[in-house]
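Which chain is which? The protein sequence lines are X and Y, in order.
Counting from 1, position 182 in the first sequence corresponds to residue 182 in the UniProt record's numbering; the numbering is continuous, with no gaps.
Counting from 1, position 181 in the second sequence corresponds to residue 181 in the UniProt record's numbering; the numbering is continuous, with no gaps.
By construction, the Cβ of each residue, glycine as well, lies at the ideal position given by its N, Cα and C atoms.
2 protein chains.
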Amino acid sequence: MHHDTRTAIIEAAASLFSDLGYSAVSMRDVANKVGVTPANLYHHFKGKDELIREALAHVFTHKTASLEALLNVNQDADEKLEAFVHWLVHLLAEDKIFCRLLVRELTDGDAGRLEYLSKTVFERPFTLVRSLASTRVRDGEDDFLAAVSIIGVVLGQVQLGAIVRHLPGGCSDHLDPDVITRHVIAALRECFKTTSIKDA
Amino acid sequence: MHHDTRTAIIEAAASLFSDLGYSAVSMRDVANKVGVTPANLYHHFKGKDELIREALAHVFTHKTASLEALLNVNQDADEKLEAFVHWLVHLLAEDKIFCRLLVRELTDGDAGRLEYLSKTVFERPFTLVRSLASTRVRDGEDDFLAAVSIIGVVLGQVQLGAIVRHLPGGCSDHLDPDVITRHVIAALRECFKTTSIKDA
DNA sequence: GTCTATATTCCGATAGAC
DNA sequence: GTCTATCGGAATATAGAC
Chain X
1 MHHDTRTAII EAAASLFSDL GYSAVSMRDV ANKVGVTPAN LYHHFKGKDE LIREALAHVF
61 THKTASLEAL LNVNQDADEK LEAFVHWLVH LLAEDKIFCR LLVRELTDGD AGRLEYLSKT
121 VFERPFTLVR SLASTRVRDG EDDFLAAVSI IGVVLGQVQL GAIVRHLPGG CSDHLDPDVI
181 TRHVIAALRE CFKTTSIKDA
Chain Y
1 MHHDTRTAII EAAASLFSDL GYSAVSMRDV ANKVGVTPAN LYHHFKGKDE LIREALAHVF
61 THKTASLEAL LNVNQDADEK LEAFVHWLVH LLAEDKIFCR LLVRELTDGD AGRLEYLSKT
121 VFERPFTLVR SLASTRVRDG EDDFLAAVSI IGVVLGQVQL GAIVRHLPGG CSDHLDPDVI
181 TRHVIAALRE CFKTTSIKDA
């Protein structure tokens, strides 16, 4: 399955950490999932903290690479924003390990880990969305907050998906990434349909 | 400080659980924070699971009570929606224990706890927001998803606040609940400014 | 590089005195 | 209702054989 034990450990740890949280997962749990002894983990990593950092790095690094290529194709700003929403919704909906570790870090990460998270995951997409928003927000509006809202509404949709089936009127359609994507794109189109600063 | 030890234990537990997560907090930690012995906790609660459930109930119950009164004053649908956004932003920004436990439950809660969370926290506000949205969304749009997006964008804004200072252009202004409230209200106004179904 | 075996600390939980 | 004392087990981590 894996070329080396070290990678297998990291991927097993990432999966368990995303499901249960760091402190709920023991080194024994990770070792059992890989099929090695707990002592083996301490040959590859100094301790649990290092394993957590390596697992985060493995899951977060290069996550935005596919975004770069995607946005070099579409030229129109509207199309780029819609392509971004599609990309983000599907990323969060389909890579649950990434999504859950992301939320855990936003909630629990210390200053150092949050800065690492910002650089490796958020900085590129955020800068991009902010530049797309800045040409379209109305005077007096904050393009920084607009970018946070665009990313935030997708994040919120995915997180609230956990209780959709318990809310009145909720059905499985509301968990479909394509349905969510279309909804968010339509909402943003309304939100940004005023004359852009560029046209003024 | 507290009338009874039981309440003190519950509040100390809620605070620690929200900061560190359930499994990272031991019964000893809670006991030390209260100033009693660990054995005392087992006189008031059957075990850690019961303490977790009681802490959640203490933090989540009656959280939406203030919303009811608030919305009986304002009559206009626009004003009600804006009052809701103001209420939710300030609730999530100012009651960090509530906010963090909420996110933890959305991420980690089992089916039973998620249903409990839905009923005690989300059902009333969600139904309300959905009814406000349903009169204003355009034909073909889903008022359920619109309500999820309205709640979701606020939740996303608050969660992404953890990394705002690490993002290019971020400053403390973007963490101010009043600034976030104004931004979200302005964005929703754009989003919903098309002719309502009512007017058609 | 992986194992067996173990040291040490901490955990949840209980018994019983006061 | 709160305490002291403690049990059995599980946690992180290490030592050393293979």
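For residue 198/Y, which residues in the same chain have their Cβ closer than 6 Å to its Cβ, ignoring the five residues on either side in sequence?
Low per-residue confidence applies at residue 198/Y: pLDDT is 45, beneath 50, and the placement is therefore not dependable enough to give any value.
Just mark residue 161/Y as buried or exposed, buried being the case when its beta carbon has 16 or more other beta carbons within 10 Å.
buried
Is any beta-carbon of chain Y found at less than 7 Å from that of residue 125/X?
no
Quick one, which of 145/Y, 164/Y, 153/Y has its alpha-carbon nearest residue 183/Y's?
153/Y
Please report whether the beta-carbon of residue 168/Y lies at a distance below 7 Å from any beta-carbon of chain X.
yes
Spatial neighbours of residue 175/Y in its chain, beta-carbon cut-off 7 Å, leaving aside the 5 residues before and after:
161, 164
Between the C-alpha atoms of residue 185/Y and residue 46/X, what's the straight-line distance to the nearest angstrom?
49 Å
Check each candidate in 21/Y, 91/Y, 16/Y, 18/Y and name the one with the smallest Cα separation from residue 158/Y.
91/Y
Pull up the distance between the alpha-carbon of residue 13/Y and that of residue 6/Y, whole angstroms please.
11 Å
Runs of 4 residues minimum, wholly inside the stretch 27-79 of chain X: which ones carry the alpha helix (DSSP H) assignment?
27-34, 38-44, 48-60, 65-73
Put residue 191/Y into one of helix, strand or coil per three-state DSSP.
helix
Between which two residues does the alpha helix (DSSP H) harbouring residue 126/Y extend?
123-134
Note down the Cα distance separating residue 54/Y from residue 88/Y, rounded to an integer number of angstroms.
23 Å
Locate the alpha helix (DSSP H) running through residue 172/X, then write down its first and last residues.
No alpha helix (DSSP H) holds residue 172/X; DSSP gives it neither H nor E.
Going by beta carbon distance, what residues of the same chain come within less than 8 Å of residue 66/X, once the five residues before and after it are set aside?
87
With 16 other CB atoms within 10 Å as the buried threshold, where does residue 80/X fall?
buried
Should residue 143/Y and residue 130/Y be called a contact, given that it needs their Cβ atoms to be closer than 7 Å?
yes
Assess, as a yes-or-no matter, whether the stretch 13-22 of chain Y is touched by the stretch 96-115 of chain Y under the definition of 3 or more beta carbon pairs within less than 8 Å.
yes
Which residue marks the beginning of the alpha helix (DSSP H) containing residue 103/Y, and which one marks its end?
96-108
Following a CB-centred definition, is residue 132/X positioned closer than 6 Å to any heavy atom of the ligand SAM?
Although the ligand SAM was asked about, the structure shown includes no ligands whatsoever.
By the criterion of Cβ-Cβ separation under 7 Å, what are the contact partners of residue 90/Y in chain X?
By Cβ distance, chain X contributes nothing, its closest Cβ being about 16 Å from residue 90/Y, past 7 Å.
Name the chain Y residues that come within less than 8 Å of residue 151/X, Cβ to Cβ?
156, 160
Pair within 7 Å by beta-carbon distance, residue 41/Y and residue 29/Y
no
Mind listing which residues of the stretch 7-29 of chain X have their C-beta closer than 7 Å to chain Y's C-betas, in chain order?
21, 23, 24
When the Cα atoms are used, what is the spatial distance from residue 62/X to residue 95/X?
14 Å
Does the beta-carbon of residue 171/Y have 16 or more other beta-carbons within 10 angstroms, so that it is buried, or is it exposed?
exposed
Answer with buried or exposed for residue 112/Y, where buried requires no fewer than 16 other C-beta atoms within 10 angstroms of its C-beta.
exposed
8 Å contact criterion, which residue 77/Y and residue 145/Y should meet: CB distance rounded
Not really, about 18 Å apart at Cβ, beyond 8 Å.
Three-state secondary structure (DSSP) at residue 139/X?
coil
So residue 151/X packs on residue 126/X, CB below 8 Å; how close in whole Å?
7 Å
Using a C-beta to C-beta distance shorter than 9 Å, which residues of chain Y count as neighbours of residue 107/X?
21, 100, 103, 104, 107, 159, 162
Contact list for residue 122/Y against chain X, beta-carbon separation under 9 Å:
160, 163, 166, 167
Taking residue 120/Y as part of the alpha helix (DSSP H), name the residues at either end of that continuous run.
Premise fails: residue 120/Y is in no alpha helix (DSSP H) and is neither H nor E.
Chain X beta carbons: is any one of them nearer than 7 Å to that of residue 58/Y?
no
Tell me the DSSP secondary structure of residue 184/Y in three-state form.
helix
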